[in-house]
Structure formats: structure tokens, C-alpha cells
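Worksheet: one structure, shown below.
Protein chains: 4
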Amino acid sequence: MSEGRLWGGRFGATSTKAFDRLNASLPVDRRLWPEDVQGSRAHARMLAEQGIIGEDDAQLIDGGLVRIADELGSGDFVFAPGDEDIHTAVERRLTELVGDAGRRLHTARSRNDQVITDTLMYLRGRAAEQVELLREMAEALLSQAEGHVDSLVPGYTHGQRAQPVRFAHHLLAYVWMLNRDRRRLAVVVEACEECPLGSGALAGVGFPVDRASVAAALGFARPSPNSIDAVGSRDALVDYLHFAAQLGVHLSRLGGEIVVWASEEYGFLELDDGFSSGSSMLPQKKNPDAAELARAKSARLTADLGGLLGVLAGLPLAYNKDLQEDKEFLFDASDTVELLLPAMAGTVATARFRADRMGAAADGGALAAIDLADHLVREGWPFRKAHEAVGALVRSCLERGTSLAAVGDSELEAAGLGGLELPELSPEASVESKAVPGGTSRARVLDQLDAARAAVASW
Amino acid sequence: MSEGRLWGGRFGATSTKAFDRLNASLPVDRRLWPEDVQGSRAHARMLAEQGIIGEDDAQLIDGGLVRIADELGSGDFVFAPGDEDIHTAVERRLTELVGDAGRRLHTARSRNDQVITDTLMYLRGRAAEQVELLREMAEALLSQAEGHVDSLVPGYTHGQRAQPVRFAHHLLAYVWMLNRDRRRLAVVVEACEECPLGSGALAGVGFPVDRASVAAALGFARPSPNSIDAVGSRDALVDYLHFAAQLGVHLSRLGGEIVVWASEEYGFLELDDGFSSGSSMLPQKKNPDAAELARAKSARLTADLGGLLGVLAGLPLAYNKDLQEDKEFLFDASDTVELLLPAMAGTVATARFRADRMGAAADGGALAAIDLADHLVREGWPFRKAHEAVGALVRSCLERGTSLAAVGDSELEAAGLGGLELPELSPEASVESKAVPGGTSRARVLDQLDAARAAVASW
Amino acid sequence: MSEGRLWGGRFGATSTKAFDRLNASLPVDRRLWPEDVQGSRAHARMLAEQGIIGEDDAQLIDGGLVRIADELGSGDFVFAPGDEDIHTAVERRLTELVGDAGRRLHTARSRNDQVITDTLMYLRGRAAEQVELLREMAEALLSQAEGHVDSLVPGYTHGQRAQPVRFAHHLLAYVWMLNRDRRRLAVVVEACEECPLGSGALAGVGFPVDRASVAAALGFARPSPNSIDAVGSRDALVDYLHFAAQLGVHLSRLGGEIVVWASEEYGFLELDDGFSSGSSMLPQKKNPDAAELARAKSARLTADLGGLLGVLAGLPLAYNKDLQEDKEFLFDASDTVELLLPAMAGTVATARFRADRMGAAADGGALAAIDLADHLVREGWPFRKAHEAVGALVRSCLERGTSLAAVGDSELEAAGLGGLELPELSPEASVESKAVPGGTSRARVLDQLDAARAAVASW
Amino acid sequence: MSEGRLWGGRFGATSTKAFDRLNASLPVDRRLWPEDVQGSRAHARMLAEQGIIGEDDAQLIDGGLVRIADELGSGDFVFAPGDEDIHTAVERRLTELVGDAGRRLHTARSRNDQVITDTLMYLRGRAAEQVELLREMAEALLSQAEGHVDSLVPGYTHGQRAQPVRFAHHLLAYVWMLNRDRRRLAVVVEACEECPLGSGALAGVGFPVDRASVAAALGFARPSPNSIDAVGSRDALVDYLHFAAQLGVHLSRLGGEIVVWASEEYGFLELDDGFSSGSSMLPQKKNPDAAELARAKSARLTADLGGLLGVLAGLPLAYNKDLQEDKEFLFDASDTVELLLPAMAGTVATARFRADRMGAAADGGALAAIDLADHLVREGWPFRKAHEAVGALVRSCLERGTSLAAVGDSELEAAGLGGLELPELSPEASVESKAVPGGTSRARVLDQLDAARAAVASW
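Protein chains in written order, with numbering that gives the first Met the number 0: chain S, 0 to 458; chain A, 0 to 458; chain F, 0 to 458; chain B, 0 to 458.
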């Protein structure tokens, strides 16, 4: 049997450092201190109420934890070399401050139920803040939409101009995406409703704790139903990462469009100086950095989601050290969301959309072809035949360099449409003709604006 | 300007085949035919009710579509070389059957709103079926749990035996995971509630369609609020892939445990012949193939989720051909879920769990250490001090080769615990002492079984 | 102990079907038949040469395998219900054809070393074919580049026009990417050099096989050095998926650019009818489907890579059923590469790039600003000061609506540049001034074309 | 046109902070300072040699940069609020120190070519260090393998004991994986051979720089061939992330095995105190944290790879802000590799593998079945028939509770093997019988150890 003697000789104490460096989670989880202190205060109070610890001990603990929170909040807290994570740091300091009472805090608790309780509380808090960031983003879009009900822009398919739409309509598409993201955030909050405290290391605890009261004190709806599941699952975090990834996709699509709109070729918008970076030499150049980063960070949010799923895959129950990796993905995604939303809200809110350029782009004859075909259908033509006839007409126009709106009798006859009364083929007529719910007519878009405003107001 | 002449000369018609091969989606989307036919029937009926097409045309269309469904269902449908996707195949055949009436079907519709409508209907249907598969999986776990309320097994942390639990409790952890998966499936169904039909290519349609009636006829709750969003978003599919990925993680964890339990070293279960593969030479060898594949396929489901998010990232509105890739991920994940759940349900339901082996593993002295420390805490010791004292005792037992349950006065004194009245330290006493909700005592586990049964019954 | 009686009663034989459906790999691995037959022929020949089986048996086996290959190639092979995978199908049929000789084929072999040997041979073959597809793609780019040495186009940063470049230079950037992809393919081929045959199930084989000779007969460089590693690793497949993912990124970038270039706003190219899809109604509309799909399929190739890595993560040695999933990712990626490359090569080769539109876009005054600043630096100005002065000048031009090329004395004086002799500020002068290797001057681009041609010729 | 007035009113300057927070890369890229200073020194020296700046300016710049490096190295460097990234910070400070000379440094350079040059130099350096970490990991495995040539252990398939192997053989499988990882690292270094400096913003530079000399001075093999590709591609980083992901898979497999081996059920190894975490209460418990984290971090490394591929997908040439995300993935993966390798090397090197427990596990009768079948084949039986006969014998032994090694005449006759001379069926005989290259016989494993030692020595 090899005794690892060589290793001892060659690496000695430095090797152990290699282990400690890998193992330490304090740099990551220290941000959980407010939840950790809050959770410990509620736990100690309940222990005293249940007679598991004495009231005097509970008061010492509470006083100590309040002081520790002050120290952590003000930056005066001194971490010790042995503080492996935030939980041990707080308990170590508490024992320094209040002695044996501190040594009683961990009664009927384990780090396994403690860490997931802290994390769920933290996640719930971030989710609440992010609702407000979603709202600001939605309001930036709604404000711009209100200003652009009468601005026309091409709607695109395959990157090609297809049909004119109101620019408000285009912007509102993003509000509905955010509305779904907001619902996903509600699902996340629901996934945080069960309090793991009392699950112990994995089997529950051997003391008559009142799980319901501590759950309520910490803002949970109820205790978790199974101790093994409680300490070993991370579904709520995955739910959050799913929310973040979908939001990331939505913002990346908006970001991608802003980059394209800001190009000289499109010229649909001018970015505000405060939300673009420039060049000392090219003062007219405004780089849409926030939009570009929104485009890029979608991949990062997707990677965070896939990463945590990968960590969890195949893991045996109940607790494994692998689960320590959960917070890195959660915090990275959450921070990214909180970086992106305000920057994108500001980018949209301060952008000057150029209705003139958008309108000109929406006024191509080709965009009217569908409307002409619809006209023929209304006259009784079968849809597919109408499409073929208009196709022939457009082809003939292209060959003669005529615009569809200005087509003459000879082109009509050449296309087998002799005698046709051309309807009005303006972009305005086109958008007004789509008067179905969810369509582009002025009345419908105003309805939709109201509905979207109401949806956001209810968040 | 380069004219691509060389290409024409060198590659000619074969090149175009390269394009067609890449572009064709029929092999993938042909499975959507029932939804496509159903959607077209509802659309045509509504068109007639709104006076957009004639009643006679509507009847011809309906008859034709019924016949097409027969042909597709029986395998008699002959696809034509030009059938790029299932939608064109159905319409092409309809026109063969009913002439100009068939050419009217696509009035007030576009492939863009049609394909996402079909897909949402399909997804809704699969989700409904998968609830039943989840239920069967849960029932297999519940049945085994009922038979193993009194079987003890070690609960593990870090892959090490930590505390005894009832095996029913361990199995129930998976039922709660499935309960969350079921909730996620409900979220998916909700995400399919808005009917895109009437959104046209992207801007809505220029005919007085009744979007609400066609939505209701097809089982949707309401029409979608924004035509661009309706044709350009794929959120519901991502929601489903998220469900599938989380389910995949849960099944992979169970799969991983089954593989380990089935090893000679653990020996906790014996697989049924029908749910394992063997060897002609090693008749005693039973390979846990389904469990291994459940472990592996988690990665595939995660890849499907990440893949679709990647397709969507950065895409401009409204419709792009990229979206055609959505179905490949959806179908792959959905098929995988439907392969995995029955195979895993059968694996669990038919497995013989060996209570004797599990019980023996749960009866190590070390697992009692936490209980002894809890005993000291109940006697008034601060938690951390109790832990240290028990640590010293265990160390002393290890050195002397004594078991904790059989420790004598001399070891107690050596550990500074002279005079201590040892409590009962059996695994049974241990699991009974965790009498908190969600804990391992018999009463609590029976409560939990009831709650889990009720939850599954409400699915 | 629960006996699974319920299950037996309720599900019976249908449950076993659930297992078989999950377990069967024949639909996936049947395409490996040519490698399987070839591998078996070489194995049998070697067995006879080593005296492990008789020469007569070897000849029977060889004759049988030749016939089986004929049957499989012509589609006459009839798979039997029990054929779990292609390996069992071939051996089952062989025994039907040649009796006991067929039962000797698997001597000194296991399915574990057989399947990975087949897969590496298959991968090597696909890689060789794909070099030719890369070459065609590169040649399409080179041909277009040759025709566009003198076409100027804006180079973009942040989606904004930044500096003029020769369009050939832009296209050549993609050739260098493909050159790296080709090198990655060479790495893949190297990763397939070690023949696993002779590794048996995991421990090697108990017969005096000649591993070197069978390796050579099958085109490998040498036998694998460790039997456990040989049957349990899938590195070569991951290497291939990495190649495919990087290629996918490159093609997606080109695809994304083609979509943008084909827009009305850019108008830089017109797609060939054979490599775009149109509309019966909008004959002028050409959808860049291949480019869009190239953009989308990057996500799929990345998902395949991540998927296989996820399958492998955490797997114990040596063989696990999880490894069966490897082929699904490999085949999907490989098929995708073979769909994409010809379609994109054709798209590029047949596209008509519009030098007039590109040139007009490259001729904006702002693009000349950097050249003017460089001019000042050559006159002795510190770089940062030159940039600031030119910035002031551009700002003044913007305010007065003057172009930089046509700036007058008053603007120069206003910007503190009174008396400056303006250099020529045309796009042509700009590209010629970048005469460094890898730069845009005519001579350098011609050098680069030669170098790129030579690189591709050496593939 | 909406003017964003509301935004200005409501958010004011704080909004711009939102943009700056998203945009700033200094916290991430500041670690590139050594490469940035080195690159700038070489650039300035070359500029002077080419007469593009004066010798006196070059000397001022060089002195300033040396001082800046001192400040950065000692922690005395004071970052200014406007320092967006490390490149601007260094140039800002240089201009403070040496005035106009500092303003000349950026002549013939852009941040676009500068940042990728710095990054490639950094990557090259990390790769070189990581070869040494790979070597230490390989040596830990080799040392243990040397000590366990004569320790037998079961080889597993499907998690089931399959055949005995020498434990050295099992450990060497990981050395060959690392050998491939080392080759992948060599590919990464090759991918860093082309120096981007001189590519400017995207088009090259308008000064007669000597690209070859500055490339050589910075340790590159040659200048990059195309300026657009040079600033817009990130292939080398993806190559590195591919290396890291494959290494991550290998370490996760080893980690997963260590966790299992360390279980009470297997009991194959005892971890060193320095490379495991314990519990004050359970002194005998040693948690294999490093192995668990190695298992988990594979998912993270895979996520980093997928993340960067996702960022790059679909990006237009040449430079986009999205590329700024590259470093976050690179640094995260690189740091993770450098955390994992030493911790895992230490874990392996200091572990006490228990040859007694492994040997006992390898001595099951079932493992001998294959050897018995091989014996029959050597006696002339067709392989498949031999397998069936042994299967019948094993089944009969199982029913009678006899071990295969101790089978008597009656069982032999019952299985149709009457009169068979049983060969020796010990694990030792089994491993010795696999005397093929790459097999488990003592001589072959010693050969393999030599070959592996030689391979590692050549790294």
C-alpha cells in the first residue's frame, strides 16, 4: 500500500493549501451574511420559545448577532483564517462575543439546512428587486411606444422588409416578452416558499423545534415536506436561472436590433451620449455597447443555467459538496441581470428613434404586394391565384422599373389584371387594414398599449 | 462584380440540392399533421362563419381535410417532391382534391402563424400525456415507499454514511421532485394558452377574422396580444425544455443511485430481468441500462434547452428561418422524456429492494454519534461542546476497536464523559427521534406518504 | 421487501417494451455497418493468422461477411426483432449463414472494444470527406475574393462603419478561419490513430492476438496503450464536436453577415435563385434561408458538444451504458456539418456581390478621419493630440454639414488646424495606406490571396 | 420623435452609471497588466527602430512603462475613475509620467489589436504553467500506480464488477487521458503563434511598422495574415476552453471514482487528513471534498466553453463589444484548472489505497466466468457456445450456492461440461492471461508504466 510519503516530502503543507483554496467558499458566499444573521436570529428565538435553549442564552445570541450584522454591514468584521464560509465566520464570531451561548446556536440545525435556507431567502430578495428592474425596462419601452404610435417601420422576415407596422407595435412585442419573464419570476418566488430549516444534515432534527413558526418568521409559506429533498435539491435556483436565460434571450434580441438600427445603413435610431461609447477622434460615432453586451450576455446566462444543471446531474442524495457550486451560477446570473436591465432600460429610454428614416424604409412598393393580393381575395379570387397574379405584376414592375403604387394599365394587363381598380397601397392603409386584435391598426395598437400598461401595473 | 458563373458551371443543379437538403423540414415537422389538419379545419370554418369564404368552399375544404387526415393516419398519403414541409403538403393535396376551394384555405393566414399554432397545440397535447407518465413514475415510487416504511437505510452526505433514514423517506424525496416537475408542466400548458392564428406573417391579417372563436375552437384560452411577438417568440418551447431538463436531472439522480445500489458493494437492490440487460455467460449479472441511460440523458435534455436558447439569442424580430430549428429540440426532448419515464417507472416498480442489506449498512456505530451529541445537548451541554466530547469518544472507540453502542465506562471517562448514562443508540431510535415534520419518525413518514399521495392524486 | 407484484400485474410485458425502446440503439448505430463488417473481416483474418481460429472458419466468416455487406448495401438485409444493435445483427446473420464458424467470430473481442473501433473508423472517414467540403467552401470564398480585390466595402466595428477595406480582404478572413478548422480536423484524425481492438470488455483479451497487425489492417497507426482507457474514453469524439462547434461559429458569422448584406438597407448582395427561397407573390424577395440556418445551427453544434461532455462528466471507468449516447451527438453534428458546408459554399459561390453599393457605403467622410489623424501623426503630432484635433474638425464639419474630404480653410481654422495641407482622403487612398502584411493595400491583399490559395492547396 | 425627456428627468446621471457599470471591464482585465506593459514596450521600441517615433520618446516611454509595472506589481498603482480598462489605465498613467511621449505610444495601434495580443500572450503563459500542473497530476498517478502493480481490483462495466485488473492499470488509464490533455494544450499554444499587433482597429495600420520584429520580440512565431480575422476571432481561446472542458471531464471521472472508493461500501481508499474535510464530532469521517468539487466543476468548464461559443455565434466581423466577454470565460476556466489540478494531485498522492479491500472485491467467482469461457474456446469450442455453457454452469452454481472456483463434477455434468478439466480461476491467473499490449499481465503493465513515464517526461 502506497503511503503517499513522497507527496508529504515534496509538497508538505503547501499541498494542503491547494485543498483549502479549492474548498473555501467564503469569497463567494459572504454576500449571504444578511440572510445568515436573520436566519440565525429567528432560529435562536424559536429554540428559546420551544424551551430548547434558555431565554437568557437566546438574548445573548440575539445581541451578538445584531452586533455582528453591524460589523459586517460597516465593513468592520474581521474574517479569521479558519473561516471556511460565512456560516462558520458568523458562529465563530458569536462565540467570541457571547461564549457558551454562541455554542448553543447550532442546536437542532446543520450547515446543510442552513445554507439552502439562506440561499432561498437571498434569491427571494433578489427576485423582488428584479421585478422593479423589469418594470423600469417595460416602462422605457412603453414610453417610447407611446411616442411612436404613428411612426411606421418595416416589419421584417428573414431580415427582409415584409410589411409595414407601427413602431409602437414592434416595441410592445418586447413588453409582452417581459410580461412572461415577470411571470417566470413569480414561479421562482413560489419555488422559494418552503423553508428547509429543521431538515438538519439530511434526516430532520432530534429536538421539538417549531418548523412552521421559524418558516413564518423568515417569510416562508411553510416548512419543506421532506428533509432529504430539502437539503439536496436546487430546483428553485434552476428555476431562477431559467428565468434569467429567457430574459437574456429577450434582451439579446432587443440588443441585436438596436445594434442594427444604429447602423448607418438603417439609421433608425440615435443613441444618447450617456448610453453609448464614442471616440475622441470620431465624435459622430456612437458605439451601442450596452446593446452589444446584452446580445453577448445571453450566452453567459444560458451557460449559467446549463452549468448548474450539469452540476446536479447524476448526483446521489442527499448533500454533496458539489452543491457548493450552485451559488456561483446563481450570483453570476443575478448580477448579470441587474447589470443588464438598467443599462438596457436607459439605452431604450434615451434613444432618439428616427421616425423619418423608419417611415421611408416602410414605404417600398414591394411591401404593398400582400395588400394588393388581399384586395383581390376580397374581390373573390382564391388566395393562391391572387398571389400568383400579384407576383406576375410585381415581376413586370421590376422589369419596367415601375413602383407598385404607380402601376399603369399596361402592366396590369401584362399581368392578366386588366381593368383592376387598384386600392390605396400606402403603408398607412396597410397598417390600418390589419384591424384584428393584436394587429397594427391605430385603434388596436392603442388597445394593446392599454393592455400592456395594465399588465405592467399589475406586476 | 463576380457572377458566380464558375459555380454554375461546376456544381450546377446538384448545388441547389445542397440548399434543398438543408432547407427541407418535412422529415421533422410531418408529425405535426394532426394539429395542422385540425387547425386548418377550424380556420376554414371560421372564415365561412365570418363570410370571408363561402359556405360551399368551407364544406369542400372540410371534406378534403378529413380525407387527408385519413390518408395521413393510414400511411396512404403520398408526399410530393415539392412538399417542403407538412403545411405545404396538406395544402397541395387539398387543392388536388377540391380545386379552387383549396386555394382559398390560406386566406387570412400565413405559414408563420400557422406553424407556431400547430406547435403549441402539439406541445399542449404532449404535456397532457406526460402528466400521466409522471403519475406512473410517482406511483411506482409511492408503491415502493409504502412497502419500505420500516426499512432503514443510511442517508449519505459526501457519499459517506451519515444518518439512518427510512427508505420510504428517501424514495419520497423523488416524489416531491416530480411534484415540482408536474407544476412546471402546468406552467408550460399556461404558456400555450394564447392562439397565434390571425397574426399572419407578422402584422396581423387584413380580413375580419374572429380570432377569439378560432382560438376557442382549438382549445386556446384567448388570442395572442401582439402579432410580431406571436410569430417570433418561442418562450413556451423553452419553458417545456426547462421542464424536461429539470426532470432529466431528477431522473439522472435516481438513475445514478440505482446504478450504485445495484453494485455488489452496496447490494441494495436487485433489478427485474425485464428491466435490465444480462449476458449469456454471466446469468447473475444484471446491467442497470435504463438507470444508466437516465443518468446520461440528462445531458441531452440540458443540451436541447441550451440549444434552443442559443438559436433564439440575438435574433431580430419577427420571423427568421432560424426558428425552424425549434422543433428539432422540442421533439428530441419530448421523445426522450417519453422514453425515460416509462422505463424508469418500470425499473423502480419491479426492483426488489433488499431491506436486509440496507438495514445492515444503516447500523454502523458512527451513525449514532450525532444522536449521542443530541442527547448531551438535551442534558444541557452547549452544542459545540457536546460535539467535541462525542468526537473524543468516537476517536477513543476507533482506537480500541469498540463500537459506540457498546462503549464502556473506561472509554467514557477517557473522553471526559464519566458517569454518562448512554441513551439507546440504535438506528430505530435514531429515526424515531427525528419527529419533526419532514423528518424520519414513523408517524411523520406516514403523514408524508399521505401528503404525497394526495399531491399526486391532484395532478 | 416489496416484490413489484403490482407492477407485474398492472404493466406486464408492455413495461418491458418500455425498457427495450429506451435501450435499443439499432436505429442510431446501423449506419456503422460498413465499419463493423470491415472490422470483423480484419479481426477474423488476424485470428486465423495467429492460429486462434482455423483457416477454414476464417474463410467461411469472410465469405459470410462479404455477403452481409452486400445485403446491407443493397437494402436486402432483414433485421430481426432481437437485433439490439448493428453488431448483434451482423453476428446473428453471420451465424445463420455459416453456422459455428460465425459463433467463433467474437473470440478475443467484446462489444466494448468493437463499438469504439467502429466509431473511430467511421469518424476518420467522415473527417476525410469533410476536408473536401471545407475545401469547396474555401474555394467559393477564394473565387469571390479574386473577383473583388478592387471592390471596397466598409469594415465595421460595433456594427458601425469604421474603415474601408477591400472586400476580398473581408472574405479572406473567413478562409483563414476555415484554415484553422482544417487544422482541427487534422487533430481529430490524429485522435483516431489508436486501435482499441484487443482491449476486450475492459481488461484486454486472453488470446495471443496480434493487435498491431489488425490495427494496421484497419488503417490505424498503432494499438491503444491501455485497455480501460480504450473502451471507456470518447476524447476523439469530443475533439470532433469541438471542430464542428468552431466551424459552426465561423459559418454562423458568415451566415449572419449574408443575412444583413442581403437586406434592402445594406443591399450588398443578391442571392442566386437556387440558393434562396422566394414567394409566389413577392418575386423580388429572396430569403437567405441557408445563411439563416447556418446562423442557427451553430447553437445546435455547440449543444452537441456540451451534450457529450455532460454525458461523460463524472462517469466511472470503464464502460457504462451512458456511452451509447455518444453516437447521437456525433452523428447529429457530422450530418449538420455536411448539410451546412455545401449549402453555404453554394450560397457564397453563386451570390452576386454588388460592388457599387459596397463602394458607396465605404465612401463616407467619417471613415477618412483616422487617415487624417495618421497624416497629422506623420507630420509629428502626438497620436492622442492628433485624434483630438481631428475630432474637433469632424464635429465642426457635422455642424456645418460639410464632408471631411471637402473641408475648407474656415473649418480647419475652427478646429485649430489652420494651414494644414489636407492629404487625399479617398477610400482608395485609405486602403492603400495600410501596406503592412495582413493589411488592405492591393499588393498585400494579392499576397494574402496567394498565401490563402497555397494554404488551401496543402490541405 | 420621443426625446427621452422623461428618462433624463427621472434617472439623470444615475442612469449613465448603469451604462458604465455594464461597460467597465477593468475589474476583469486588470490581470493582463504584465502582458500589456510588455506589449507596449515592444511596440514602442519597434516604432523607434522604424523611425515612426523618436528614440528619445521611446526611451521616455520605456522608462515610464517600467515604473508603471513596478507600481502595478507592488500594488501602488492608483486607478482613476475614468480608467475603463487596463489599457487606458496604463496609457493614462504613462502620459502623466512622461507627457507627450506617452501620447505617441498608441501610434500605429488600436485597442482592438492590443487587447487580443495581450490575451494571447497571457493565455500562452497560463498554458505553459498548466503543463507543469498536468505533470504533477500525472506524477501523483504514476507514483501510486508504481506502488500498486500487484494490487488487484475489479474492473467495472455498468457499475458491476466485470473482470479483475491491476490497480496500476486502472490508474494509468488516467495518465493517458492527461497525455491527450497535454497534446491539446500544445494545440492551444500553436493557436497563439500569430501576433495580431499591426492589425489596428481592423484594417491594418498606416505606418511602416515591422510586424515580424515585434511579433518575435513578444514570443510569437509570425504576424497574423489578415487584420480583420486577427481582431475579430477568438479561436485560440475556444481551443483553450476545449482543453479545459476535456480535462474537466477526466478529473470529474477520477473525482467520481474517488468519492465512490472512499465510501464505506467500497472502502478502497482512505483520504489524507490534509485533503479531506472532517467533522469535530465524527473524527473518522473524511469528506472527499476535492473529488466532489472536481466532479462538479466539469459542468462549469463545459459551461465556459459553451458560453464563449454562444457569444461568438452569429457575430458580424470585425470587432464587436461582445468580444469583451471572452476574458470572463477564459479567466474563469483557467483559474478553475489551476485550482483543481493541485488539489486533485494532492488528493491522489496522499491517498492510502487499500489493496486488501480491493483484492477481496476482485476475488468473486463470477469474475472468473469469462476466463473459463476463454478456456473452453482454447479447447476448440465456438465462442458463443462456450459462453452459453459457462452461463449454464454459473446458473447452476448460483442455485447450489457453490463458487465457480470450487465447482464439482456434478455441477459440471449438470451444465453439460462433464469431464472438463477446470483451469486455475484466480484473479491473478485472470490478469496474467491478458498478456496483449495494453492488457493486464504484470509484464504488460510494467511496459505501460515505462511508456507512460516516458510520455510524461517528454511533455
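For glycine and all other residues, C-beta sits at the position ideal for the given N, C-alpha and C.
Legend entry - chain S contact for Asn225/F (CB, 7 Å cutoff): In the third sequence, counting from the first residue as 1, residue 225/F sits at position 226. No, because no Cβ of chain S sits closer than 7 Å to the Cβ of Asn225/F.
Inset, instruction - Measuring only between beta-carbons, confirm whether Gly146/S sits less than 7 Å from chain F. - result: In the first sequence, the residue the question calls residue 146/S occupies position 147. Not one chain F Cβ lies under 7 Å of Gly146/S.
Inset, instruction - Mind checking which residues open and close the beta strand (DSSP E) that includes Arg165/F? - result: Within the third sequence, the letter at position 166 stands for residue 165/F. Counting along the chain, the beta strand (DSSP E) containing Arg165/F begins and ends at Gln159 to Arg165.
Inset, instruction - Would you list, in sequence order, the uninterrupted alpha helix (DSSP H) runs of no fewer than 4 residues that lie entirely inside the segment 385-432 of chain S? - result: 408-413 and 426-432
Inset, instruction - Mark Val77/F as exposed unless 16 or more other C-beta atoms lie within 10 angstroms of its C-beta, in which case mark it buried. - result: As a working note, residue 77/F is residue 78 in the third sequence. Exposed is the call here.
Legend entry - For Val174/S and Ala215/S, believed in contact at Cβ under 8 Å, the rounded distance: Within the first sequence, residue 215/S is the residue found at index 216, counting from 1. Within the first sequence, residue 174/S is the residue found at index 175, counting from 1. Not quite, the Cβ-Cβ distance comes to about 36 Å (not below 8 Å), so this is no contact.
Inset, instruction - To the nearest angstrom, report how far apart Ser1/B and Phe352/S are at their CA atoms. - result: Looking up residue 1/B in the fourth sequence gives position 2. Looking up residue 352/S in the first sequence gives position 353. Below a pLDDT of 50, predicted positions are generally treated as unreliable, and Ser1/B, at 33, falls in that range; no measurement from the model is reported.
Inset, instruction - Could you please give the first and the last residue of the uninterrupted beta strand (DSSP E) stretch that includes Thr301/A? - result: Within the second sequence, residue 301/A is the residue found at index 302, counting from 1. From DSSP, Thr301/A is part of no beta strand (DSSP E) but of the alpha helix (DSSP H) over Asp288 to Leu311.
Legend entry - Against chain S: residues of the segment 317-329 of chain A by CB proximity under 8 Å: Ala317, Tyr318, Asn319 and Lys320
Legend entry - Under 9 Å by beta carbon: chain S residues contacting Pro287/F: The residue you call residue 287/F lines up with position 288 of the third sequence. Those are His157, Gly158 and Gln159, listed as they occur along chain S.
Inset, instruction - Using 6 Å as the cut-off, classify the Cβ of Ser457/B as near or not near the heavy atoms of the ligand MG, replying yes or no. - result: Among the components of this structure there are no ligands whatsoever, and the ligand MG is therefore not found.
Inset, instruction - Give me whichever residues DSSP pairs with Thr349/B in a beta bridge. - result: Along the fourth sequence, one-based indexing puts residue 349/B at 350. According to DSSP, Thr349/B bridges with nothing at all.
Legend entry - Range of the contiguous beta strand (DSSP E) that encloses Leu151/S: Residue mapping note: residue 151/S aligns to position 152 of the first sequence, counting from 1. That run of the beta strand (DSSP E) goes Leu151 to Thr156.
Inset, instruction - Could you check if Ser457/S is buried or exposed, using at least 16 other CB atoms within 10 Å of its CB as the buried criterion? - result: To locate residue 457/S, count along the first sequence from 1; it is residue 458. Answer is exposed; the Cβ neighbour count stays below 16.
Legend entry - Coarse secondary structure for Arg441/F, derived from DSSP in three states: As a working mapping, residue 441/F is identified with position 442 in the third sequence. Helix.
Inset, instruction - Compute the Euclidean distance between the alpha carbons of Asp321/A and Ser395/F, then round it to the nearest angstrom. - result: As a working note, residue 321/A is residue 322 in the second sequence. As a working note, residue 395/F is residue 396 in the third sequence. Roughly 44 Å between the two C-alpha positions.
Legend entry - Close-in-space but distant-in-sequence residues of the same chain around Asp209/B (CB under 8 Å, 5 per side omitted): Locating residue 209/B in the fourth sequence gives position 210, counting from the first residue. Excluding sequence neighbours, Asp209/B sits near Met45, Glu48 and Gln49.
Inset, instruction - Work out the CA separation of Gly437/F and Ala453/F for me, nearest whole Å. - result: Locating residue 453/F in the third sequence gives position 454, where the first residue counts as 1. Locating residue 437/F in the third sequence gives position 438, where the first residue counts as 1. Distance between the alpha carbons of Ala453/F and Gly437/F is about 16 Å.
Inset, instruction - Within 10 angstroms of the Cβ of Ser409/F, are there 16 or more other Cβ atoms? Answer buried if so, exposed if not. - result: Residue numbering aside, residue 409/F sits at position 410 when the third sequence is read from its first letter. It is exposed - the Cβ of Ser409/F has fewer than 16 other Cβ atoms within 10 Å.
Inset, instruction - Use the C-beta contact count for Gly400/A: other C-beta atoms within 10 angstroms, 16 or more gives buried, fewer gives exposed. - result: The sequence position of residue 400/A within the second sequence is 401, counting from 1. Counting Cβ neighbours within 10 Å, Gly400/A comes out exposed, since fewer than 16 surround it.
Inset, instruction - Could you tell me the distance, in whole angstroms, from the CA atom of Ala17/B to the CA atom of Val259/A? - result: Locating residue 17/B in the fourth sequence gives position 18, counting from the first residue. Locating residue 259/A in the second sequence gives position 260, counting from the first residue. Rounded to whole angstroms, Ala17/B to Val259/A spans 50 Å at the Cα level.
Inset, instruction - Kindly indicate which residue of Pro224/B, Asp180/B, Glu264/B and Ala172/B has the alpha-carbon position closest to the one of Asp228/F. - result: Counting from 1 along the third sequence, the entry for residue 228/F is found at position 229. Comparing Cα positions, the closest option is Ala172/B.
Inset, instruction - Run the CB neighbour count on Pro224/S, radius 10 Å, all protein chains shown included, and call it buried at 16 or more, exposed below. - result: On the first sequence, residue 224/S is found 225 positions in, with the first residue counted as 1. Under this definition Pro224/S is a buried residue.
Inset, instruction - Give the secondary structure of Arg252/S by DSSP, where H, G and I count as helix, E and B as strand, and everything else as coil. - result: Here residue 252/S refers to the residue found at position 253 of the first sequence. If DSSP states are grouped into helix, strand and coil, Arg252/S belongs with the helices.
Inset, instruction - Would you mind telling me which residues of chain F sit closer than 8 Å to Gly363/S, beta carbon to beta carbon, in chain order? - result: Here residue 363/S corresponds to residue number 364 of the first sequence, with the count starting at 1. Those are Glu263, listed as they occur along chain F.
Inset, instruction - Ignore the nearest five residues each way along the sequence and tell me which others in Tyr121/S's own chain have a CB closer than 7 Å to its CB. - result: Position 122 of the first sequence, counting from 1, holds the residue named residue 121/S. Only Leu31 and Glu34 meet the Cβ criterion.
Inset, instruction - Please list the partners that Gly205/B has in chain A, where partner means a Cβ-to-Cβ separation under 8 Å. - result: Position 206 of the fourth sequence, counted from the first residue, corresponds to residue 205/B. None at all; the shortest Cβ gap to chain A is about 28 Å.
Legend entry - 7 Å Cβ cutoff met for Leu411/B and Asp370/B: Position 412 of the fourth sequence holds residue 411/B. Position 371 of the fourth sequence holds residue 370/B. In this structure, Asp370/B does not lie closer than 7 Å to Leu411/B by Cβ.
Legend entry - Nearest residue (CA-CA) to Ile115/B, options Pro222/B, Asp69/B and His169/B: Taking the fourth sequence and counting its residues from 1, one reaches residue 115/B at position 116. The shortest Cα separation from Ile115/B among Pro222/B, Asp69/B and His169/B belongs to Pro222/B.
Inset, instruction - Have a look at His42/S, Ala385/S and Asp28/S and flag the residue whose alpha-carbon is nearest the alpha-carbon of Ala414/S. - result: Along the first sequence, one-based indexing puts residue 414/S at 415. Closest by alpha carbon: Ala385/S.
Legend entry - Residue-chain proximity (Val208/S, chain F), Cβ-Cβ < 7 Å: The sequence position of residue 208/S within the first sequence is 209, counting from 1. No, Val208/S lies away from the interface with chain F (no Cβ there is under 7 Å from its Cβ).
Inset, instruction - Using DSSP bridges, identify the partner residues of Leu448/A. - result: In the second sequence, counting from the first residue as 1, residue 448/A sits at position 449. Per DSSP, none; premise fails for Leu448/A.
Inset, instruction - Check the DSSP bridge columns for Arg221/S and list the partner residues they point to. - result: Against the first sequence, residue 221/S aligns to sequence position 222. Arg221/S pairs with Glu193/S.
Legend entry - Tyr173/F in three-state terms, based on DSSP: The residue labelled residue 173/F in the question sits at position 174 within the third sequence. DSSP places Tyr173/F in helix when its eight states are reduced to three.
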